[in-house]
Structures are given as structure tokens and as C-alpha cells.
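Beneath this line is the structure, given in C-alpha cells, with notes to follow.
2 protein chains.
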Amino acid sequence: MADISAPPRVTSVDVARRAGVSQSTVSLVLSGKARGRISARTEEAVRAAAAELGYRPNVAARALRTGVARSVALVVPDITNPFFGRVLRGAQRAAQEAGYTVVLVDIGNNRAWEAASVQALLAGPADGLLLFESDLPPGTSEHAIQIEMMPGRGLPVVRLDVEAGVDFAVDHLLALGHTRIGHVSSNFDAPTFDLRAARMAERLGGPPPTVKAPFTFEGAKQAALDMLDEGVTAVFCDDDILAGGVYLAARDRGVRIPEDLSVIGFDDLDFARVLAPPLTTVAVDAEGLGAIAFEALARDLAGDRPPDEQVMPVALKVRESTAPP
Amino acid sequence: MADISAPPRVTSVDVARRAGVSQSTVSLVLSGKARGRISARTEEAVRAAAAELGYRPNVAARALRTGVARSVALVVPDITNPFFGRVLRGAQRAAQEAGYTVVLVDIGNNRAWEAASVQALLAGPADGLLLFESDLPPGTSEHAIQIEMMPGRGLPVVRLDVEAGVDFAVDHLLALGHTRIGHVSSNFDAPTFDLRAARMAERLGGPPPTVKAPFTFEGAKQAALDMLDEGVTAVFCDDDILAGGVYLAARDRGVRIPEDLSVIGFDDLDFARVLAPPLTTVAVDAEGLGAIAFEALARDLAGDRPPDEQVMPVALKVRESTAPP
DNA sequence: TTGTATGCGTTATCAG
DNA sequence: CTGATAACGCATACAA
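Pasting the structure below:
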């Protein structure tokens, strides 16, 4: 039989009755504000009663009263991408330690949903927002941190050092002797990708041959096929998934990696290691990114001003997908 | 300057004042219970005022008053695994349509955290639980659905047809002429993995050579190395990640796939396609699993009894990692 | 058809 | 040191 009746919630009044004190005393004790106001004896009695009854404060009531939900939202473009899973885990760990809960909003790579989702959130239980490659809807004033965005729109930013990342990558390729280097870039419109393109152009003395691809192996493969026609000897990919697409295209065309084509990815997703040959890629601390972002938001929520911009180091992980041309 | 002051929240009282009606009228209109009770004119006025003011009901207040939060929690073993990302997305999509929000709890493959996390949830804003390969802490009576568990402990279950999955896999291997088939199994303790082992033993007329591995490429590789020593000509893996470990081990030992060793995975994660050779695997509708599970929970929450067990079909996706011995 | 009054469980401000 | 008491914003029974 379906259990319609709600589980019998035990409230602070129940605890008070059990301990033989008033409800406000219970609240005082349990919220840790009893320092020198409540006798050790009563405090003990209250705690015992609460434990016996299995009392858990009602978060809705607390949120209503205090105006804070101790919860933040993380908005990501695509939770299906393991990278964001790692970011979420990092944020969640940091949040848990601070007594916060994080609710995940997955945009599903669909910018159209974005506004609606974020709107829903603002009405919702979120004290603040962690926005990954995403903007605050205009007109909304909220506590928010932007991840992987550039500073300048008033919100604190936490981002990867992508400039260093592309520098590592192209320097590595240049050192190997490559001169015709292509760029397999993301067709998802975000500042971090613009930045990569700009940086490559800068280091290479002009814009490289470029194709734009979606974050799917199949889509990236199609784009990479075009890139192969350009006659490049090496490609830098905005993401490991894109690099996977390049592997697929190369396999189709019979071009060997790294003998005929060097490829470098970005993110160091787990599967980069299991590709054949193992992918050289820019390794990134995704969990750290999430954790740092949460911490910045926590400071903001606490009324403390977080840094305007925090950039996290990256490192080139040289495996076997790169070689001299 | 950090904005300490909370954004000025607009309440139903503000809307009422603006529309020149009482607060209860606003509530009636906005909760859709105005059918034939409120004149079209006032209703219009209320809606206009709400829109102008940008009114969003306070969820904490509503939750306190009604006793429901319109939010469910999804507990997964490891959000870093893309499979669970897909499940989450499916659940989230279904939830969004029903006006629910889903909060994700990542156990991080750490059973020790599990109880604590779930406990926190029960106190929290979750009306119900979606438990992936996880049990309800004893003594807690809550609305919950189990995913990828076996029926029998009182909770409705939504699961994959893993029996069919292993049948497809071993039939395929048998048809190819394999007789020495190994099992690379998960060391994460869950019924779905026990079921696979049992089914294989059943189909094979006895327990196959087996190794247990964690869900990491490196760990799976180590385990697979042992398996290679057993002299099997084919392996069935509980998961594509495990299969990836087998690829790594095979590469190390110089055994060729599929000429020397056939391998079959489970889940059809995206990267299965980009492996060399592309992995033959049991494809599974992870998003559907999440969606169906949410729907079952929604029915439960509505006081309607969900099916005791729902099993979702799977299909063998034959690619190039299997061949005759 | 609409308004008044009440309470959900908490925290916080006061008196005592 | 402790206990009444007043909100927080909303939904709803009941009165008008």
C-alpha cells in the first residue's frame, strides 16, 4: 500500500516538551548560540532529547525565517560531459564542508533553456549561483560567480589559465618542428573558446586554419574531416572530445597519429589515456575549479568580497599523440 | 562594493497592494485555484501586477505551508562517470516538466559517506529519493525509488534488463566460437553486478574466470592483466570503463583486439566509439532510466502506487572488438 | 466573488 | 539563565 501519510515530523516543540524546557531554549541550544546563556545541564538535556527523537530542523521553516537556504546552484552547459561532473564534485565537496547543498542545473547545451532555468532558480532555494560559461539574465541582481568567463561584467570570475594552456600546446608543437598547425574549435559560443583562438593567432602570427565543431565525437569527426583537407601536420583541439573526433576522422582517412598528424587536446578527460595512441593534452584541475568557485561564492554570501579574478594553473601532459612532422 | 543587502523580494502582499486586492486573492489566482471563484477582471489585474513586479513565490514559505518542496534527490555512486550524467539529465528533464527540481547527491564511490548524505537529505528539501544502487538507511520511512536494484525490499524498482544484456553478449561470443570467456567485473558491491555474474555462470554452465576491478582505467588495467594470464579468448566487462582497462592491458601485453582477444562492454558510453577498435557493447538508455525513475517517484508522491518493477530493454551494439577466436 | 484570520516550524527580540 | 512572543510568505477555511 502506498504510504500517503507524511512521516511524522518531529519539531523543536516536541524536543522542548521531552526535555521539559521551552521551544526557544531548544532553538538556542541547537543553533549553537547557547554560549554562556544556557546552563550546561539544560543544554545536555536538550541535546539528549533531540537525539532520542531524531530531531532534524525543518529547512523550509529555517529558510523562511532567516532568508537563506544554505544552498547554491551550479549551472553547467552539459552534465553529460565528464568535465562538468568533476567540477560538480569539487563544488559539492567544498559546499558540504560549509554546510551547503548544491543543486545542479543542466542547460543541455541549449542556450534557449538557459534563461528559463536560471529564472526558475532565482525564485528557488538558491542563495547564489555558480555560472559555468553562462551569464546572469539581465535585470537580475543576485549573488553569483562566473566560471570560465572573462572578468569585466561585474561578477567575480574563476577560470583556467587557458592562455598558458595554448602556449604550452603551440610551443610543444613548434618545438617539434610543426609549421602548419590547425585549430579544431568549439562551436559552443563562450569566451574561453574565443580566447583560445585569439591566443593561437597571436602565437602563430596569424589565424590558423580553423574548423568549428560540436562536443560530440560524430560532429567533431565531420569537422575534422574538413580540417584534414587543409593539409595541416598538427591540430590543437579546444577539448578532448573534439580530439576524439579527430582520431575518428584520421582513422577514416588512413592518416596515422602521430606520424602523419600530431594532435593535442584540452581538459585531460579520463578517456584521453585510453585512446590509441594516448592523447597529449592540457591537464586541468576541474574539481579544484569547482571548489574554488564555491569558496568565492561562499565569501560573497558572507558579505566578504571575493577576488575579482582567480585563475587556475594548467599543465601540458605529453603522451603519444604528438611527434615531429 | 559587495552587495550585502538581499535583493528586495517582492511578496504576494506587494502584488495584492498593487492590484488593489487582498493577499489571499493573489494566492488563489496564482496557484491556479481561481476557477470560477475569482472574476476574470480581478484575475487579469492580479496577473498584470505580478508580471510588472516580477513576482516569484517564495519556495520556502510554500514548502513550509504545504509540507512539500517539489524537489527530489538523486543519489548516484559517481557523477564523474558519464553514465550517471545521462541518468541525471533524464531525471531532470522529466522533473522539470512536472515542475520539480532534482538535487544531485554524489556518493563519490564511497559507501561511508552514503548514509550521512542521505540523512542530510531527509531533513532537507527533498520530497522523495531516487536511489541508484543504494539502499535507504534503515529506520527511515520515505518515498523512494530504487534504480538498478532488485525488487524485494519494499521499494519500487526501475532497472535495466541486464539478464538480456549478458545473454546477448555471451550468445554473440558463443556464436563466434569462443569457449574460454572471462568476466571483468566491478568491485563496487551492487546487485546488478551480482546478477551479471550469476547469469554468466548460468549461461556458461559454471562460473567463468573472473577478476574484480574498480571503475578507473588504471585499476581495470591491473585487473585485466591478471585476466590475460588466464588464457581467455574473450571477455565480458561489467562496464565500458572496465573494457577500456582491458584495452590498456592488451596494449601492454601486445595482445591484439579482436584477433587475439574479443571484448564486450556495457553501457555504450560515448568513448566506446572512439576506442581502437570501436567497442562492441551493450547499449542502454540511461536518460530513459532516469526519466522513468522520476515518473515512478512522482506517482508515489501523488499517492498513486507505482509499478513494483520496471525493466528497460537493452541492445547489443556490435562494433569491431569481437571476432572469432 | 472577495477578504479576514490563522498556522506551518523556525529564529530572534525581549522581558522576567 | 530561560520563556513568551512576534514575524518570515504563503495557502486555505471560513466569513462576508
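One line per chain: the protein sequences are A and B, in this order.
First residue of the first sequence: 175, per my numbering; consecutive thereafter.
First residue of the second sequence: 175, per my numbering; consecutive thereafter.
No residue lacks a Cβ here, since even glycine has one placed at the ideal position from N, Cα and C.
Note that the coordinates shown come from a computational prediction; the quantities given were computed from them, not determined experimentally.
Range of the contiguous alpha helix (DSSP H) that encloses residue i
i, result
"residue 303 of chain B", "Taken as a continuous stretch (DSSP letters only), residue 303 of chain B belongs to no alpha helix (DSSP H), being part of the beta strand (DSSP E) at 302-306."
"residue 222 of chain B", "214-227"
"residue 199 of chain B", "197-204"
"residue 261 of chain A", "256-271"
"residue 496 of chain B", "No alpha helix (DSSP H) holds residue 496 of chain B; DSSP gives it neither H nor E."
"residue 403 of chain B", "391-403"
"residue 381 of chain A", "Run containing residue 381 of chain A: none; DSSP gives neither H nor E here."
"residue 419 of chain B", "414-427"
"residue 242 of chain B", "Segment: none, residue 242 of chain B is in no alpha helix (DSSP H) and carries neither H nor E."
"residue 444 of chain B", "From DSSP, residue 444 of chain B is part of no alpha helix (DSSP H); its letter is neither H nor E."
"residue 363 of chain A", "Neither: residue 363 of chain A is in no alpha helix (DSSP H) and is coded neither H nor E."
"residue 189 of chain A", "186-193"
Cα-Cα separation, residue i to residue j
i, j, result
"residue 424 of chain A", "residue 421 of chain B", "20 Å"
"residue 463 of chain B", "residue 307 of chain B", "13 Å"
"residue 309 of chain B", "residue 418 of chain A", "37 Å"
"residue 318 of chain A", "residue 467 of chain A", "10 Å"
"residue 303 of chain B", "residue 406 of chain B", "42 Å"
"residue 276 of chain B", "residue 248 of chain B", "7 Å"
"residue 485 of chain B", "residue 204 of chain A", "45 Å"
"residue 245 of chain A", "residue 263 of chain A", "15 Å"
"residue 243 of chain B", "residue 197 of chain A", "25 Å"
"residue 176 of chain B", "residue 340 of chain A", "Only weak support is given to the placement of residue 176 of chain B: the predicted model assigns it a pLDDT of 32, under 50, and the value that follows is read from those uncertain coordinates. Straight-line Cα distance between these residues: approximately 34 Å."
"residue 338 of chain B", "residue 460 of chain B", "16 Å"
"residue 433 of chain A", "residue 495 of chain A", "9 Å"
"residue 344 of chain A", "residue 399 of chain A", "21 Å"
"residue 180 of chain A", "residue 234 of chain B", "With a pLDDT of only 42 at residue 180 of chain A, under the threshold of 50, the placement of this residue in the model should not be trusted, and no figure is reported."
"residue 348 of chain B", "residue 375 of chain A", "55 Å"
"residue 193 of chain A", "residue 200 of chain A", "9 Å"
"residue 332 of chain A", "residue 282 of chain A", "22 Å"
"residue 392 of chain B", "residue 489 of chain A", "21 Å"
"residue 437 of chain B", "residue 451 of chain A", "19 Å"
"residue 185 of chain A", "residue 185 of chain B", "27 Å"
"residue 301 of chain B", "residue 226 of chain B", "32 Å"
"residue 448 of chain B", "residue 427 of chain B", "21 Å"
"residue 212 of chain A", "residue 220 of chain B", "48 Å"
"residue 396 of chain A", "residue 359 of chain A", "13 Å"
"residue 383 of chain B", "residue 402 of chain B", "10 Å"
"residue 371 of chain A", "residue 410 of chain A", "10 Å"
Partner residues on chain B for residue i, Cβ-Cβ distance less than 9 Å
i, result
"residue 418 of chain A", "444, 445, 447 and 448"
"residue 391 of chain A", "444, 445, 447 and 448"
"residue 454 of chain A", "Here the premise fails: no neighbours, minimum Cβ distance about 16 Å."
"residue 496 of chain A", "Under the 9 Å cutoff, chain B gives no residues; its nearest Cβ is about 17 Å from residue 496 of chain A."
Where the beta strand (DSSP E) through residue i begins and ends
i, result
"residue 321 of chain A", "318-321"
"residue 310 of chain B", "Note, residue 310 of chain B: premise wrong, no beta strand (DSSP E); not H, not E."
"residue 438 of chain B", "436-441"
"residue 250 of chain B", "245-250"
"residue 386 of chain A", "384-387"
Amino acids of chain A, ordered along the chain, whose beta-carbon sits closer than 7 Å to that of residue i
i, result
"residue 310 of chain B", "Per Cβ cutoff of 7 Å: no residues; residue 310 of chain B is ~12 Å from chain A at best."
"residue 237 of chain B", "234"
"residue 484 of chain B", "Here the premise fails: no neighbours, minimum Cβ distance about 16 Å."
Partners in chain B for residue i, counting only beta-carbon separations shorter than 7 Å
i, result
"residue 282 of chain A", "263"
"residue 396 of chain A", "Within 7 Å Cβ-Cβ: nothing; residue 396 of chain A doesn't reach chain B, min ~14 Å."
Contact set between residue i and chain B, taken where Cβ atoms lie within less than 8 Å
i, result
"residue 422 of chain A", "447 and 448"
Beta bridge counterpart(s) of residue i as assigned by DSSP
i, result
"residue 484 of chain B", "B/332"
"residue 458 of chain B", "B/488"
"residue 408 of chain A", "A/355 and A/436"
"residue 278 of chain B", "B/248"
Amino acids of chain A, ordered along the chain, whose beta-carbon sits closer than 8 Å to that of residue i
i, result
"residue 256 of chain B", "254, 255, 256 and 259"
Partners in chain A for residue i, counting only beta-carbon separations shorter than 9 Å
i, result
"residue 266 of chain B", "253, 278, 279, 280 and 282"
Any non-hydrogen atom of the ligand ZN within 7 Å of residue i CB
i, result
"residue 381 of chain A", "Inclusion of the ligand ZN in the displayed structure is not the case, the ligand content being empty and no account of it being possible."
Item to check | Inter-stretch contact at 8 Å, needing at least 3 Cβ pairs: the stretch 438-458 of chain A / the stretch 403-421 of chain A | outcome: yes
Checklist entry - If we count Cβ pairs, one from each stretch, closer than 8 Å, do we get three or more for the stretch 242-257 of chain B versus the stretch 249-267 of chain A? => result yes
Checklist entry - Using 8 Å as the threshold, is the stretch 318-329 of chain A in touch with the stretch 362-371 of chain A, meaning 3 or more CB pairs across them? => result yes
Checklist entry - Is the stretch 452-459 of chain A touching the stretch 467-483 of chain A, taking contact as three or more C-beta pairs under 8 Å? => result no
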